[in-house]
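Read left to right, the sequence shown gives residues 1 to 172 (the UniProt record's numbering).
For each residue, glycine too, the CB sits at the ideal point set by N, CA and C.
Reviewing the structure listed below.
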Amino acid sequence: MAQMKEGNMPNAHLHELFIDELKDILGAERQLLKGLKKMSAAAGSEKLKEAFNTHYQQTEGHIQRLKDVFSSLGLTARGKKCKAMEGLLAEADEIIEDFQDSPEVLDAALIAAAQKVEHYEIASYGCVVTYAKLMDHSEAKELLGQTLAEEKETDVLLTEIAMNEANVGETV
């Protein structure tokens, strides 16, 4: 709890922003669980369905890590509605509706929507990892860094599926 006192924490001016971002990311991850179920159900490719289902499981782990981060800071884990994720998922819903009758296009569109989500998450986790490092929150930095690495891996996997299947018209 000593880290919470501004006088004992380097770069304490970032603390309120750090906590606000953590609440936003927690809300985003919870929202994403619903979105991943919808995207998986809409996907035609088995590899893409599997990628969405794997990311669903990872997202559950990301939520637990965020809870652990809050705990490491002596705080109760509370999320807030993430307007950015809400918009990204609304766009994904729109894509599903617009391309449901074009299965040869739908998977490519789903990957594009999912990568927008991943890039938002990569940016968000990148920021909070930096804030944690600057404030010497070593446990938070470690936990958030693990999630950041997984988000980057998911982005790479989605690109591979796009280039090997969805964008070349060879749906399975």
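Proximity below 7 Å, CB of residue i to CB of residue j
i           : j           : result
residue 125 : residue 144 : yes
residue 67  : residue 51  : no
residue 61  : residue 27  : no
residue 49  : residue 40  : yes
Own chain residues within Cβ distance below 8 Å of residue i, not counting five before or after
i           : result
residue 122 : 148, 151, 152 and 155
residue 146 : 65
residue 127 : 21
Nonlocal neighbours in the same chain, by C-beta distance under 6 Å from residue i, ignoring five residues either side
i           : result
residue 101 : none
residue 5   : Unreliable placement is indicated for residue 5, whose pLDDT of 47 sits below 50; the coordinate value is still reported in the next sentence. Once the five neighbours on either side are set aside, residue 5 has no close Cβ partner at all.
residue 111 : 158, 162 and 166
residue 170 : Annotation note: pLDDT 47 at residue 170 (below 50); position unreliable, no value reported.
residue 131 : 14 and 18
residue 173 : Because the chain spans 1 through 172 in this model, residue 173 falls outside it and cannot be assessed.
residue 63  : 29
residue 164 : none
residue 90  : none
Same chain only: Cβ atoms within 7 Å of residue i, ignoring 5 sequence neighbours per side
i          : result
residue 13 : none
residue 16 : none
residue 59 : 29, 32, 33 and 36
residue 55 : 36 and 154
Endpoints, alpha helix (DSSP H) assigned at residue i
i           : result
residue 153 : 138 to 164
residue 135 : It is not in any alpha helix (DSSP H) - residue 135 carries neither H nor E in the DSSP assignment.
residue 39  : 15 to 42
residue 54  : 46 to 72
Supposed contact pair residue j and residue i - C-beta distance, whole angstroms, cut 8 Å
i           : j           : result
residue 116 : residue 157 : That pair is no contact at about 15 Å.
residue 38  : residue 93  : 7 Å
Residue of the options minimising C-alpha distance to residue i
i           : options              : result
residue 161 : 43, 19 and 37        : 43
residue 71  : 140, 164 and 146     : 140
residue 113 : 129, 96 and 104      : 96
residue 84  : 11, 98 and 25        : 25
residue 82  : 20, 109 and 64       : 20
residue 10  : 41, 146, 164 and 134 : 134
residue 69  : 129, 47 and 8        : 129
Residue i Cβ short of 6 Å to the ligand FAD heavy atom set
i           : result
residue 145 : No copy of the ligand FAD appears in this structure; indeed no ligand is present at all.
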